[in-house]
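Peer 1:
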Amino acid sequence: MTHFLVALLYVFLPALVLYLCHHYSFLNRIGSVVLSYVFGLLMGLSGLLTPDFYDLQEVLMSVTVPLAIPLLLFSSNVRAWKKLAVQPFYSLLFSLVAVFIAVVSGFVFFDGHQIEGFNKVGGLLVGIYSGGTPNLASLKMMLDVDEEIYLAVHSYDMVISAVYLFFLMSIGQRLFQLVLPKFKHSGTDIAHSETEDGLWLALKDRSSSKRLLLVLGIALLLVAVSGGIMLLVPTGVQMVVFIFLITALGIWGSSVKKIHTAKGTFDLGMYLILIFSIVVSSKVELGNLAELNPLIFAYITFVVFVSLSLHVLLSRLKKIDADTVIVTSAALICSPPFVPVVAGALRNRSLIVPGLTIGLIGYALGNYLGFLMSLALDIF
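Heads up: the sequence shown runs through residues 1 to 380, numbered per the numbering used here.
(1) Does DSSP put R316 in a helix, in a strand, or in coil?
(2) What residue range is occupied by the uninterrupted alpha helix (DSSP H) comprising P336?
(3) Say whether the segment 118-129 touches the segment 363-376, bearing in mind that this needs 3 or more beta-carbon pairs closer than 8 Å, one atom from each stretch.
(4) Identify the continuous alpha helix (DSSP H) that holds T64 and give its terminal residues.
(5) Is the separation between the beta-carbon of V33 and that of A345 shorter than 7 Å?
(6) For the alpha helix (DSSP H) containing V237, name the first residue and the last one.
(7) Which same chain residues, not among the five before or five after S226, have their C-beta less than 7 Å away from its C-beta?
(8) In chain order, what residues of the same chain lie with their CB nearer than 7 Å to the CB of I275, ignoring the 5 residues before and after it?
(9) Based on Cα-Cα distance, which residue from G131, L96, V153, P88 lies nearest to N119?
(10) Give the range of the alpha helix (DSSP H) segment to which E116 is assigned.
(11) Measuring CA to CA, which of L72, G131, I101 is closest to N367?
(12) Does DSSP classify K182 as helix, strand or coil?
(13) Going by the CB atoms, is the gap between T265 and F74 shorter than 7 Å?
(14) Output the distance between the C-alpha atoms of I69 and G253, rounded to the nearest integer angstrom.
(15) Just confirm the distance between the C-beta atoms of L360 and V240, as a whole number of angstroms; I'd bet it's less than 8 Å.
(16) Which residues in the same chain as L295 place their Cβ atom closer than 7 Å to its Cβ, once the five residues preceding and following it in sequence are excluded?
(17) Determine, using beta carbons only, whether K318 and P181 come nearer to each other than 7 Å.
(18) Looking only at its own chain, which residues have a Cβ that is under 6 Å from the Cβ of L71, when we skip the five neighbours before and after it?
(19) Determine the extent of the alpha helix (DSSP H) in which V353 is found, giving its start and end residues.
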C-alpha cells in the first residue's frame, strides 16, 4: 500500500509543479524541471524513502524517459535540425578534449602516480564523463578496479553529478551566455513555453484527448519494439541500440502528419520528464558521503567542473551557443536520458535529437577512451 501511495505521489506531483508555475511567475522563471528536482531532493532528504522503494524508483526511471523521447520528437521540426548539425559535433569534440585535459591535470595535481591504482580512477572518470554512468560497470571489469574504489567513485559521482545537473538547469544558461552567444531559434521549432497549458487543453477537448491517447499507444508500441530488438543484441551495446531505435522511430513519427499534428504530445512527454526528474533527484543520498574518501571526491569534483570550464572556453573559439554546450555537456557527463530533462529546463526542444545523438556517440566511445586513458596514466 505504501509503495502504491509513493507511486501516486511521483506520478501526480508534476501536476502540482505545473500548477505552481502557472500561478506564480517567479516559480515559472525558475522552471518546472528545476522545481521538480527541488521537490525530489526534499523527498529524498526527508528520510521517508527507504531502500525498499529502490525497485519502484528504477521502474519509473526505466519507463518514463524511453516513453517520453518519441512523444517529445513527434511534434518536432526535422528540417530545423539540419542547421544544428555542425555545432553539436564541435561541442562533442571540445567536451572530450576538456575531459582528457581535466583528468590528466587532476592526476598530476593530486600526485596520482604515487597512489596505487589511481590511474584506474582516471580511466573510470574518462569513461563516465564521455559516455555517462552506464560505462562505469563495464570499465570496472575491463580495468579490474577494486570494489571499494568502484563504489566510492559511483557514490561520489551520483552526488556531484546531481549538483552539476542542478547548476546547468538553474543558472548555467544565464552564466554561459556571458561568454557564449545565445541559441538562435528558427522557424516553427521555437523555444517551447512551459508545459502547464498544452496538456490540459488537449485533455479537455474530447477529440484531441482521443487522438493523444492513440499517439501515446503508438509511442508505447515503438518503445516495446525497440526493447524487443534490444534484447537480440549483445549486452554491451543494448542501451545504445535501444536509445538509437526509439530516437529513430520518434523521428519517423514526426514525419507522419496525423502523429505530428496531434495536440499535447510534447507536453505529455515533458510531463513524463518531470516524473523522471522527481524520481532521480529523490534517489540522492547524502549518506553516500558518510565514509568520504577525500582524494577521490576532490578528484571527481575537479574533473567535472574544470572540464566544464574548459569546454566553455574552447566552445567560445567556434562561437558555439550556450544551449548547445549545456545539452552536450549533460549528454556526455550525465548520459543520453538526461538530454530531454536539460532541454526541457532550457525550453529548447531543438536540441533534443542532436543531444541524444552526441550522447550515444560518447556512450559508444566511453569504454575505449577510459581504458586507453588508464593505460596512458599508468605509463605516465
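Backbone N, C-alpha and C fix where the C-beta goes; we use that ideal spot for every residue, glycine too.
Peer 2: Taking the definition as stated:
(1) Along the sequence shown, read from residue 1 onward, the residue named residue 316 stands at position 316. Residue state, collapsed to three classes: helix.
(2) Counting from 1 along the sequence shown, the entry for residue 336 is found at position 336. Unbroken run through P336: none, as it is neither H nor E.
(3) yes
(4) Position 64 of the sequence shown, counted from the start, is the residue given in the question as residue 64. Note, T64: alpha helix (DSSP H), 54-74.
(5) Position 33 of the sequence shown, counting from 1, holds the residue named residue 33. Position 345 of the sequence shown, counting from 1, holds the residue named residue 345. Contact: yes.
(6) Walking along the sequence shown from the start, residue 237 turns up at place 237. Neither: V237 is in no alpha helix (DSSP H) and is coded neither H nor E.
(7) Here the question's residue 226 lines up with position 226 in the sequence shown. Hits under 7 Å: F242, L245, I246, L249.
(8) What you label residue 275 is simply residue 275 of the sequence shown in a count that begins at 1. The answer, listed in chain order, is Y10, V11, P14, L60, T64.
(9) Here residue 119 refers to the residue found at position 119 when the sequence shown is read from its first residue. Nearest C-alpha to N119: V153.
(10) The sequence position of residue 116 within the sequence shown is 116, counting from 1. Looking at the DSSP string, E116 is not in any alpha helix (DSSP H), and its letter there is neither H nor E.
(11) Here the question's residue 367 lines up with position 367 in the sequence shown. Nearest option by C-alpha distance: G131.
(12) For the purposes of this step, residue 182 is identified with residue 182 of the sequence shown, where counting begins at 1. Reduced to three states, the DSSP call for K182 is coil.
(13) One-based indexing of the sequence shown puts residue 74 at position 74. One-based indexing of the sequence shown puts residue 265 at position 265. Result yes, Cβ atoms of F74 and T265 sit closer than 7 Å.
(14) As a working mapping, residue 69 is identified with position 69 in the sequence shown. As a working mapping, residue 253 is identified with position 253 in the sequence shown. Roughly 11 Å separates the two Cα atoms.
(15) Residue numbering aside, residue 360 sits at position 360 when the sequence shown is read from its first letter. Residue numbering aside, residue 240 sits at position 240 when the sequence shown is read from its first letter. Indeed, because the Cβ distance is near 6 Å, the residues count as touching under 8 Å.
(16) As a working mapping, residue 295 is identified with position 295 in the sequence shown. Correct list, in chain order: F110.
(17) Position 318 of the sequence shown, counting from 1, holds the residue named residue 318. Position 181 of the sequence shown, counting from 1, holds the residue named residue 181. In this structure, P181 does not lie closer than 7 Å to K318 by Cβ.
(18) As a working note, residue 71 is residue 71 in the sequence shown. Closer than 6 Å at Cβ, skipping near neighbours: A219, T265, L268, G269.
(19) One-based indexing of the sequence shown puts residue 353 at position 353. Element bounds for V353: 352-379.
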